[in-house]
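I have placed the structure first, in the form of structure tokens, so that the comments after it can refer back to it.
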Amino acid sequence: MSKMHVKMNVNGKEVEGLAEPRTLLIHFLRENLNITGPHIGCETSHCGACTVDMDGKSVKSCTVFVAQAQGKDVTTVEGLVNEDGSLGVIQEMFREHHGLQCGFCTPGMITRAHRLLQENPNPTEEEIRFGMAGNLCRCTGYQNIVKSIAAAADTLNAQKEAAE
Amino acid sequence: MIPAGFEYHRPSDIASAVSILQEHGDEARVIAGGHSLIPMMKLRMADMGHLIDLQDIDALKGISLMGDTVTIGAMVTQHELITSATLANAVPIIKEAALLIADPQVRYVGTVGGNVANGDPGNDMPGLMQCLNASYELSGPDGTRTVAAREFYEAAYFTARDDEEILTRIHIPVPAAGTGYAYEKQKRKIGDYATAASAVMLRVVDGVCAEASIAMTNLADTPVFAEAASAALYGRALDDAAIGDAVSAAIEATDPVADNRGPVEFKKHVASVILRRAIDRAASRAS
Chain S
0 MSKMHVKMNV NGKEVEGLAE PRTLLIHFLR ENLNITGPHI GCETSHCGAC
50 TVDMDGKSVK SCTVFVAQAQ GKDVTTVEGL VNEDGSLGVI QEMFREHHGL
100 QCGFCTPGMI TRAHRLLQEN PNPTEEEIRF GMAGNLCRCT GYQNIVKSIA
150 AAADTLNAQK EAAE
Chain C
0 MIPAGFEYHR PSDIASAVSI LQEHGDEARV IAGGHSLIPM MKLRMADMGH
50 LIDLQDIDAL KGISLMGDTV TIGAMVTQHE LITSATLANA VPIIKEAALL
100 IADPQVRYVG TVGGNVANGD PGNDMPGLMQ CLNASYELSG PDGTRTVAAR
150 EFYEAAYFTA RDDEEILTRI HIPVPAAGTG YAYEKQKRKI GDYATAASAV
200 MLRVVDGVCA EASIAMTNLA DTPVFAEAAS AALYGRALDD AAIGDAVSAA
250 IEATDPVADN RGPVEFKKHV ASVILRRAID RAASRAS
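First to last, the protein sequences are chains S and C. If you count by numbering that gives the first Met the number 0, then the first sequence holds residues 0 to 163, one letter each, in order. If you count by numbering that gives the first Met the number 0, then the second sequence holds residues 0 to 286, one letter each, in order.
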């Protein structure tokens, strides 16, 4: 099968590459673009480690063909840092509240939490758990992940208030 | 987990998509959200020379209310079903059911059209659409036609849709004001298909059931529209005896197979518990 000329915006930059249409978005990100934040966990759309943001939706990039992602805006965990390169609020709160142990699921967790907080800036604990149900963690038991996201919501809201 | 290669098409209108289907016959398939098809392709249980992506066809998008009919475009995602104010007012059972499908990431991408057209007995929307007496609009080389959801499903993955047709829209009659509703689903974990699920709509007038519609999911190789169960409720007060009769009639209409969700007896038991809950909750919402 012939390769197609793929163009998309990843983390604010226009990128391009050659890939077969059947290439999965996760493979294109990791192998063509060397963006290795999103992880390949189960590769069966269960675990959520490959979660990226695509046109304002959390998607599992192991279940998207690169051809479907042609022309889209994609954000990975690398794109969620502050402008000066320091950790973004959600990333910082995961660090501070010990929201990770081995760290394998973390890029997917943080990318998903980013979209969740965009849609619901004041989630209850129950809403955080429901909103994060597509991401599996085998280390933490989720307790500290939920705490990290709640803390990130508080911090982001305080920042927003201060700015206004 | 790499699927076989294919040629990729992204047409911008229905006619172009149909003509690609016509040109390549059973070598071509349409893809909506892809969250059923791509896993099958990765397992090499599905492969095709031509994949037709429907994402750029605007005519397949949007939710509208015209008179007493809601029309949902086939490419509307589960997430859009959940966040639609129109649907929340007109047919709230759809949101209740969509929230029980898969997980957030899958709901952003998975579409209602893919869910009803695929013919997978594990999908929740086919049973729900039978309960709501929805109809599906199909576009093909000879124009468009409409098929009732209750007539659409023939066997697992076999439906009334021809290979050269695309399911484009779903039409749903808006239930009468005061209709009670409930969608109940038992699943082993987030992301699993139902062990049993049940959609119930009913109206109560002067203390007796004036209308009932009951459908069940993943308990046969097609959705189970349980007419006998609805009939068992009709004209009666919704007491234990009537509900018990309806549950028995519904279970009689199921034909589950043993799998990793449990043996047949277990599935029937779960189905009866789920259906009883759905009827109780629908009755409590009827006014």
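Ideal placement from N, C-alpha and C gives every residue a C-beta, glycine not left out.
>> Closer than 7 Å between beta carbons: that is the criterion. Which residues of the region 132-158 of chain S meet it against chain C?
In response: ALA132 and GLY133
> With ALA31/C and LEU50/C assumed to form a contact (beta carbons below 8 Å), what rounded beta-carbon distance in angstroms separates them?
Replying inline: At roughly 11 Å, the Cβ-Cβ gap does not stay under 8 Å, so ALA31/C and LEU50/C are not in contact.
>> So ARG21/S contacts chain C; which residues on that side make the cut at Cβ distance below 9 Å?
In response: ILE1, PRO2, ALA3, GLY4, PHE5, TYR7, MET40 and LEU50
> Nearest-angstrom Cα distance between SER286/C and CYS41/S?
Replying inline: 47 Å
> Which of the three DSSP states, helix, strand or coil, is assigned to ILE56/C?
Replying inline: coil
> Listed from N- to C-terminal order along the chain, which residues in the region 29-60 of chain S have their beta-carbon within a distance smaller than 8 Å of any beta-carbon of chain C?
Replying inline: GLU42, THR43, SER44, HIS45, GLY47, THR50, LYS56, SER57, VAL58 and LYS59
>> When you compare the CB positions of GLY121/C and ALA132/S, do they come within less than 9 Å of one another, or not?
In response: no
> Would you report the Cα separation of ASN88/C and ILE62/C, rounded to the nearest angstrom?
Replying inline: 12 Å
>> Comparing C-alpha positions only, which one of ALA281/C, ALA249/C and ALA282/C sits nearest to VAL269/C?
In response: ALA249/C
> For ILE278/C, is the classification buried or exposed, using 16 other Cβ atoms within 10 angstroms of its Cβ as the cut-off for buried?
Replying inline: buried
> At least one CB of chain C closer than 9 Å to the CB of GLY11/S: is that the case?
Replying inline: no
>> Using a 10 Å radius around the Cβ and a threshold of 16 neighbouring Cβ atoms, would you call THR143/C buried or exposed?
In response: exposed
> Which residues, in chain order, does the region 58-79 of chain S contribute to contact with chain C at a C-beta distance below 9 Å?
Replying inline: VAL58, LYS59, CYS61, THR62, VAL63, PHE64, ALA66, GLN67 and GLN69
> Just checking my contact of VAL105/C with SER44/S at CB under 8 Å: how many whole Å lie between their CB atoms?
Replying inline: 7 Å
> Using DSSP with H/G/I as helix, E/B as strand and the rest coil, what is ALA68/S?
Replying inline: coil
> Leaving out five residues before and five after ALA45/C in sequence, what residues of the same chain have Cβ atoms less than 7 Å from its Cβ?
Replying inline: LEU36 and MET39
>> Helix, strand or coil for GLU118/S? Go by DSSP, reduced to three states.
In response: helix
> Could you give the residue range of the alpha helix (DSSP H) that holds ASN88/C?
Replying inline: 84-89
> So who's on the other strand from THR154/S, going by DSSP bridges?
Replying inline: In the DSSP output, where bridge partners are listed per residue, THR154/S has none listed.
> What is the residue span of the beta strand (DSSP E) that CYS208/C lies within?
Replying inline: 207-216
> Within the 9 Å Cβ cut-off, does GLY190/C reach chain S?
Replying inline: yes
> Alpha carbon to alpha carbon, what distance is there between PRO106/S and LEU79/S?
Replying inline: 10 Å
> Can you find a CB in chain C that lies within less than 9 Å of the CB of ASN16/S?
Replying inline: Per the sequence shown, residue 16/S should be read as Gly rather than Asn. It does not; no Cβ of chain C falls within 9 Å.
> DSSP on HIS113/S, reduced to helix/strand/coil?
Replying inline: helix
>> Is there a Cβ of chain S sitting closer than 9 Å to that of GLN104/C, yes or no?
In response: yes
> In or out: CYS101/S buried (at least 16 other Cβ within 10 Å) or exposed?
Replying inline: exposed
>> If I follow the unbroken alpha helix (DSSP H) through PRO103/C, where does it start and stop?
In response: 103-108
> Between the region 87-112 of chain C and chain S, which residues of the former have a C-beta closer than 8 Å to a C-beta of the latter?
Replying inline: ALA101, ASP102, PRO103, GLN104, VAL105, TYR107 and VAL108
> Can you name the residues that DSSP bridges to GLY179/C?
Replying inline: LEU201/C
> Looking only at its own chain, which residues have a Cβ that is under 8 Å from the Cβ of LYS56/S, when we skip the five neighbours before and after it?
Replying inline: ARG114
> Where DSSP assigns a beta bridge to THR70/C, which residues make up the other side?
Replying inline: SER63/C and HIS170/C
> So, helix, strand or coil for ASN31/S, using DSSP?
Replying inline: helix
> What residues match up with GLU15/S in a beta bridge as DSSP calls it?
Replying inline: LYS6/S
> Would you say HIS268/C reaches chain S, if we count a Cβ-Cβ gap shorter than 9 Å as a contact?
Replying inline: no
> How many Å lie between LYS59/S and ALA240/C at the Cα?
Replying inline: 47 Å
>> Could you check whether TYR135/C and ILE169/C sit closer than 9 Å to each other, using their CB atoms as the reference points?
In response: yes
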